[in-house]
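Next up, the structure:
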């Protein structure tokens, strides 16, 4: 990517020679993509200075409906691999897995069944299940206005056991580390749970935590039903995404089972000493919006994005890191502006 000084020098030289060369502004990238961080969904609106936006569901559909912007790209498809990229994982305390093996297996069977259940359950049933387990007075990410079958499908809910997903997870963590070494932690083999559970017994009260938004969908079926685990009582808690790490850290973390972003899990729990990863539950819910109607594909992404400005929600977090991985995958240079 050309340095700003070189670009400006070239423009100045062209001007002195009387050439009709269009200047690049300080906030344009001539041969790559300019990335601008945006603070919230309300900034996703038709704007001359931003050509594309990257955001997660349900903000994508909400803003598309509100502004007329088109959903033109799917980061899961652009990333490739069978299930796209692993975004959120479910972990459990090692003690729970060793002492309550029967419960953990039954619990995961329900998590697996949840995927098919989401395809047939009404949006209101899903919404009611999530809302009932939010803290009192909280405003849910999903509402009656932004939750429908397409949004649910766009959230990539699909369980992949840890012992089957180790290669994909470690590969994606390595890619995130290349973009930002501080964004991930080192994961040991102990972090990935196997399937050789033999012991049963232990606690009959289990606490489960998940961040509001797409990860909560991975538990919707379980939260909508009562007493599906015989004598084991399960307390579900849907909390703010920025608070989730507080439930799996400290001397005595309260979450027996927790869903959290993969990179956060790697940083906080990657040693496998306290928690083990049971599997991946969401496989990406990031999309690209634009006034253009042309779909972004693996074949045209470089052509369409080169020289353009892309606004990204949470540029320094998972959405931004993932989009940068996509750009690297297709050999597209980028720089951060604004």
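Residue numbers (our numbering): 93 to 430.
Where is the CB? At the ideal position from N, CA and C, for every residue including glycine.
Check                                                                                                                                                   : Outcome
Can you tell me which of 335, 232 and 227 puts its alpha carbon nearest to the alpha carbon of residue 309?                                             : 232
How big is the Cα-Cα spacing for residue 199 and residue 296?                                                                                           : 13 Å
Taking its Cβ as the centre, do 16 or more other Cβ atoms sit within 10 Å of residue 197, making it buried, or is it exposed?                           : exposed
Flag this pair as yes or no: are the beta carbons of residue 376 and residue 248 separated by less than 7 Å?                                            : yes
Between the alpha carbons of residue 245 and residue 211, how many angstroms are there, rounded?                                                        : 8 Å
Would residue 225 and residue 340 qualify as a contact pair, given that the criterion is a beta-carbon distance under 7 Å?                              : no
Near residue 511, which residues of its chain fall below 6 Å by C-beta distance, leaving aside the five closest residues on each side in sequence?      : In this structure the chain extends from 93 to 430, so residue 511 is not present and cannot be described.
Relative to the C-alpha of residue 353, which residue among 150, 369 and 364 is closest?                                                                : 369
Could I get the ranges of all uninterrupted beta strand (DSSP E) runs contained in the segment 222-269, with 3 residues as the minimum, in chain order? : 249-253
Provide the residue(s) that pair with residue 58 in DSSP beta bridges, ordered along the chain.                                                         : Shown here, the chain extends from 93 to 430; a query on residue 58 therefore has no answer.
Rounded C-beta distance between residue 206 and residue 312? I'm assuming under 8 Å.                                                                    : 6 Å
Apart from the five residues on each side of it in sequence, which residues of its chain come closer than 7 Å, Cβ to Cβ, to residue 117?                : Model confidence at residue 117 stands at a pLDDT of 41, short of 50, so the residue's coordinates are unreliable and nothing is read from them.
Using the three-state DSSP reduction, which class does residue 412 fall into: helix, strand or coil?                                                    : helix
By DSSP, does residue 378 sit in helix, in strand, or in coil?                                                                                          : strand
Rank 131, 157, 216 and 123 by C-alpha distance to the C-alpha of residue 382 and give the top, closest one.                                             : 157
Are residue 183 and residue 314 touching if we call contact CB-CB under 7 Å?                                                                            : no
So for residue 424, helix, strand or coil by DSSP?                                                                                                      : coil
Can you tell me whether residue 172 is buried or exposed? The criterion is at least 16 other CB atoms within 10 Å of its CB, across all chains shown.   : exposed
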